[in-house]
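Residue numbers (this note's numbering), protein chains in the order written: chain V, 1 to 310; chain L, 311 to 403. We treat Cβ as the ideally placed atom computed from N, Cα and C, and that holds for glycine. Take a look at the structure below.
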Amino acid sequence: QERSTRSFNFGAYHPLETIYSWMDTLVAQYPQLVTKEEIGRSYENRPMYVLKFSTGGTKRPAIWIDTGIHAREWVSQATGVWTANKIASEYTTDASLTSLLNTMDIYMLILTNPDGYAYTHTNDRMWRKTRSRTSGSACRGVDPNRNWDAGFGGPGASKSPCSDSYHGPSAHSEIEVKNVVNLIKSHGNFKSFISVHAYSQLLMYPYGYSCRAVPHQQELDSIGRVAVEKLAVLYGTKYKVGSICNIIYQASGGSIDWSYDVGIKYSFAFELRDTGRFGFILPANQIIPTASETWQALKYIMGYVRDHPY
Amino acid sequence: ERVFTGDQVLRVNVRSEEDLQLLRAMETQEEWELDFWLHPVSTELPVDIRVPRSSLSSVKEYLQAHAIPFTVVIENMQEVLDEEKAEMEMNRM
């Protein structure tokens, strides 16, 4: 077992068990700041853990970050691990992060699709979906980012269980999605919802299920544009900014559309590197640069959320 | 464990609406078992497709027949995955 977060290799891809074990190390190292909470179990009965970063209080305004809802997008889970460590280790030394954590909590779900992630390590490196069974079909899995109650079953999602973008039998049918929905609803005070995917370098805001502008489109767009400027400072990585529908394609049942529609104004989705040269098999030596640049954007968004309460 | 020996990833830089339509038609060809990493959505974004070895010749012929230029970004996916796996094993040691 990893004995210290200092001996953990953040520049490597790790299996699920190693990441879960590392979470315990992080909690042990920063017990005043970090707790690990089980929010439920996956379809294959794996625990789903969120890391909660909190300096006290109850149900403070909070920021949600999830990584790896699509199993094969490995750099996003790896970025989640690096980011969690960054948050823990820079509290009290980074002024902006410290002031944020003095008033708000951060929740991080690093393995949002644990069954899918385990499956990418053991059976099919290119697996994207959950591993749930669909009655009457030999094909398994639902695209968990088409399964949210936001234009569910509309354009940009497939009704075929064999498709990689299968929306599932009903909204929130996937227990992995339902677990997050339950937590967000029962908490009731999330102010920002950030979902981290890979690849193709985009920073997006709602909607995906519709191409009409959301009421806060201008504000979200300007936040996004500054965030990607901050991100580009480190390595010049270029991001596009816009609504899901306008800069990728119409896609219904997505998580940030749901979060926005339940009142979480600052809802964003990242598509991290790369440019298409490696796709979902981004070399491990790019994990830390990817995570470092993403952190610049995340910090800006989180600071903005802190400074603009609603 | 699923292997990807000979699978390639092709990148298509879309030039026109006509290209887009032709690429969208490829999405419906189920027997090719294509895995679209980037879907054909606009002329501003490239399209990346993981093509199984068994469909490579058909897909390339289709693209060439319609004069749609493409490049191969990953020659053999399994080689890249083997490198990734070896690196992970080294890290674990």
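Start-to-end residues for the alpha helix (DSSP H) that takes in residue i
i	result
PRO47 (chain V)	No alpha helix (DSSP H) contains PRO47 (chain V), which is instead part of the beta strand (DSSP E) from 47-53.
GLN217 (chain V)	217-235
ASP448 (chain L)	Nothing can be reported for residue 448 (chain L): it is not among the residues displayed for chain L, which extend from 311 to 403.
ALA95 (chain V)	95-103
THR381 (chain L)	Premise fails: THR381 (chain L) lies in the beta strand (DSSP E), 380-384, not in any alpha helix (DSSP H).
LEU366 (chain L)	366-375
TRP148 (chain V)	From DSSP, TRP148 (chain V) is part of no alpha helix (DSSP H); its letter is neither H nor E.
GLY116 (chain V)	114-122
VAL81 (chain V)	74-90
LYS299 (chain V)	287-307
VAL27 (chain V)	16-29
Residues of its chain near residue i, where Cβ-Cβ distance is below 6 Å and the 5 sequence neighbours each way are ignored
i	result
THR237 (chain V)	GLU293
TRP82 (chain V)	PHE10 and ALA291
TRP317 (chain V)	Coverage of chain V is limited to positions 1 through 310, which leaves residue 317 (chain V) absent and any answer about it impossible.
TYR15 (chain V)	Tyr is not the amino acid found at residue 15 (chain V); the sequence shown has Pro there. So the qualifying residues of the chain are HIS121.
ARG312 (chain L)	none
SER259 (chain V)	PHE193 and SER267
ILE359 (chain L)	LEU320, LEU344 and PHE346
Length of the line joining the Cα atoms of residue i and residue j
i	j	result
LYS370 (chain L)	GLN286 (chain V)	31 Å
ASN45 (chain V)	VAL324 (chain L)	43 Å
GLN1 (chain V)	ALA28 (chain V)	With a pLDDT of only 47 at GLN1 (chain V), under the threshold of 50, the placement of this residue in the model should not be trusted, and no figure is reported.
ASP143 (chain V)	SER170 (chain V)	12 Å
ASN85 (chain V)	PHE10 (chain V)	9 Å
ASN189 (chain V)	LYS59 (chain V)	7 Å
PRO47 (chain V)	LYS36 (chain V)	11 Å
THR67 (chain V)	ILE194 (chain V)	9 Å
CYS245 (chain V)	GLY208 (chain V)	5 Å
PHE380 (chain L)	PRO206 (chain V)	32 Å
GLU385 (chain L)	GLY316 (chain L)	7 Å
SER326 (chain L)	ILE69 (chain V)	33 Å
HIS308 (chain V)	ILE223 (chain V)	12 Å
PHE280 (chain V)	VAL382 (chain L)	15 Å
ALA78 (chain V)	ASN179 (chain V)	22 Å
ILE301 (chain V)	VAL262 (chain V)	19 Å
SER21 (chain V)	TYR49 (chain V)	11 Å
PRO61 (chain V)	THR92 (chain V)	19 Å
HIS376 (chain L)	GLU354 (chain L)	19 Å
ARG41 (chain V)	ALA157 (chain V)	25 Å
Start and end residues, beta strand (DSSP E) containing residue i
i	result
ALA311 (chain V)	In the structure as shown, chain V begins at 1 and stops at 310. Residue 311 (chain V) is therefore absent and cannot be evaluated.
TRP127 (chain V)	First-last for TRP127 (chain V): undefined, no H or E at that position.
ILE359 (chain L)	357-361
ALA269 (chain V)	266-272
VAL313 (chain L)	It is not in any beta strand (DSSP E) - VAL313 (chain L) carries neither H nor E in the DSSP assignment.
VAL34 (chain V)	34-41
SER243 (chain V)	240-243
Own chain partners of residue i with C-beta closer than 7 Å, once the 5 adjacent residues on each side are dropped
i	result
ARG133 (chain V)	ARG140
TYR30 (chain V)	ALA88
VAL305 (chain V)	ILE63, LYS191, SER192 and TYR266
VAL228 (chain V)	LEU203, TYR239, VAL241 and ALA297
ASN147 (chain V)	HIS167, GLY168, ALA171, HIS172, SER173, GLU174, VAL177 and GLY253
TYR235 (chain V)	PRO289 and GLU293
PRO155 (chain V)	GLN250 and SER252
ARG225 (chain V)	VAL241
LEU101 (chain V)	PHE53, THR55 and TYR91
Chain-ordered neighbours of residue i on chain L, where CB pairs are closer than 9 Å
i	result
ASN9 (chain V)	ASN401
ALA78 (chain V)	None at all; the shortest Cβ gap to chain L is about 11 Å.
ALA284 (chain V)	GLU394, GLU397, MET398 and ASN401
Contact list for residue i against chain V, beta-carbon separation under 9 Å
i	result
ARG312 (chain L)	ASN123, ASP124, ARG125, MET126 and TRP127
VAL324 (chain L)	What VAL324 (chain L) touches in chain V: nothing, since even the nearest Cβ is about 13 Å away.
Cross-chain neighbours of residue i in chain L, by beta carbon under 7 Å
i	result
ARG277 (chain V)	VAL383
ILE248 (chain V)	VAL351
SER200 (chain V)	LEU348
Partners in chain L for residue i, counting only beta-carbon separations shorter than 8 Å
i	result
THR12 (chain V)	This sequence places Ala at residue 12 (chain V); Thr is not what is there. Those within 8 Å of ALA12 (chain V) in chain L are GLU397, MET398 and ASN401.
SER21 (chain V)	By Cβ distance, chain L contributes nothing, its closest Cβ being about 13 Å from SER21 (chain V), past 8 Å.
Neighbourhood of residue i by C-beta, 8 Å cutoff - its chain only, sequence neighbours within 5 removed
i	result
HIS349 (chain L)	GLU337 and VAL357
TRP127 (chain V)	ALA71, ARG72, GLY116, TYR119, THR120 and GLY141
Closer than 8 Å at the beta carbon, the chain V residues around residue i
i	result
ASP345 (chain L)	MET126 and ASP164
Interface partners of residue i on chain V, CB under 7 Å
i	result
LEU391 (chain L)	ARG125 and ILE281
VAL319 (chain L)	GLY279
Mind listing, in chain order, the continuous beta strand (DSSP E) runs of no fewer than 3 residues lying wholly within the stretch 156-202 of chain V?
190-198
If we require 4 or more residues per run, which alpha helix (DSSP H) segments fall completely within the stretch 318-353 of chain L?
327-337
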